Amino acid sequence: DTAADFSSLEMAALDAADTILLLAVLEQVSSVKNIRSCLEIFHSLGYDEQKVKLVLNRATAKYNLQIRDVERILDYSIARRLSNDFELVTRSLARKLPYLKMNPQAALSVEVAALADTLRDGHWNREKLSDSLFTKWFS
């Protein structure tokens, strides 16, 4: 997680990273503009789509923007989508338990576990690795 601007420490961490997950929420048109700006900065730094993965957070069917249109506008693929499960996350915070532990079968839990699986060994793997430690810890 980084601040909105990039300090030298954050830049060093981004440079050293094998994979950067850019989490985005598409609640309004300005969100697309902000994502585009960030992707342009990453591109200017020499980070390509192999290094920067766009993850749609709190994805719901309520968006006025169609995901395929956003991908076309950005000229960038959305690598993963994470569901919006406000109730589960709220209960998780109130009980001080990870939501993956509270309800491992919930869509959000499954999606986060799959995302972690793709980052196994510090590298982005296209195939979900079902036997990951992350999945075992929270199942």
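Numbering (this note's numbering), first residue to last: 614 to 752.
Yeah, the Cβ is synthetic: ideal placement off N, Cα and C, and Gly gets one too.
Here the structure is a predicted model, which is why all the values come from computation and not from measurement.
**Item:** Backbone CA spacing between tyrosine 712 and serine 696 [nearest angstrom]
**Value:** If you take the alpha carbons of tyrosine 712 and serine 696, they lie about 13 Å apart.
**Asked** Whole beta strand (DSSP E) runs in the segment 634-693 with 3 or more residues, listed along the chain?
**Response** If only complete runs of 3 or more residues are kept, the segment 634-693 shows the beta strand (DSSP E) at 665-672, in order along the chain.
**Alpha-carbon to alpha-carbon, isoleucine 680 and alanine 672** = Approximately 10 Å between the Cα atoms of the pair.
**Prompt:** DSSP three-state call for leucine 695: helix, strand or coil?
**Reply:** In this structure, leucine 695 counts as strand in the three-state DSSP scheme.
**lysine 831 versus alanine 625 - alpha carbon distance** = Missing from the structure shown is residue 831; the chain here goes from 614 to 752 and no further.
**Request:** For the alpha helix (DSSP H) containing lysine 709, list its first residue and its last residue.
**Result:** No alpha helix (DSSP H) holds lysine 709; DSSP gives it neither H nor E.
**Asked** Would leucine 728 pass as a contact of valine 702 if the rule is Cβ separation under 9 Å?
**Response** Contact flag unset, no.
**Message:** Just to confirm, is the Cβ distance from alanine 637 to valine 668 under 9 Å?
**Reply:** Yes, Cβ-Cβ distance for alanine 637 and valine 668 is below 9 Å.
**Request:** Would you kindly work out how many angstroms separate the C-alpha atoms of phenylalanine 751 and arginine 704, rounded to a whole number?
**Result:** Legend: pLDDT at phenylalanine 751 = 45, less than 50; position of this residue unreliable, no value from coordinates given.
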